[in-house]
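Mapping the sequence shown onto the numbering used here, position 22 (from 1) lands on 376, and the numbers just tick up by one. Idealized CB from N, CA, C, for every residue including glycine.
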Amino acid sequence: MEAKRPESKDESLKSKIAIRCAKAAILLSSLNRRHSSTINHEDKEVEAMLLQREVEDLKVRLVRERAKSKKIRLCSAMELLLQILLLLSLWTFCLMLAFNLL
355 MEAKRPESKD ESLKSKIAIR CAKAAILLSS LNRRHSSTIN HEDKEVEAML
405 LQREVEDLKV RLVRERAKSK KIRLCSAMEL LLQILLLLSL WTFCLMLAFN
455 LL
């Protein structure tokens with residue numbers, strides 16, 4: 355019986371220590387949540403400002419990209435028109451040579 359008593363005391367001490375550690379962890383967690391909630395509010399404001407700035411930058415980039423694509427489309431259309439005119443001119447010249455109209 356004497357051998358069982360020290361083990362039961364050790365076990366009860368261990369369980370008490372475990373309970374105290376759990377309570378301390380819960381208290382620290384609640385303090386951390388309160389502290390982090392105030393920090394999170396400030397961080398959320400800063401993050402919202404950064405996101406808004408990033409959205410504005412992306413909008414500007416989108417407008418620039420659209421303008422660039424419009425210029426590219428216009429240049430492509432002009433190039434196609436010039437190629438067609440060149441082809442028609444060469445074809446006309448070849449026909450004139452073929453029929454000895456020059």
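Check, Outcome
"Through-space distance from N454 to R427, alpha-carbon basis", "40 Å"
"Three-state secondary structure (DSSP) of L455", "coil"
"Inside the region 421-450 only - beta strand (DSSP E) runs reaching at least 3 residues", "none"
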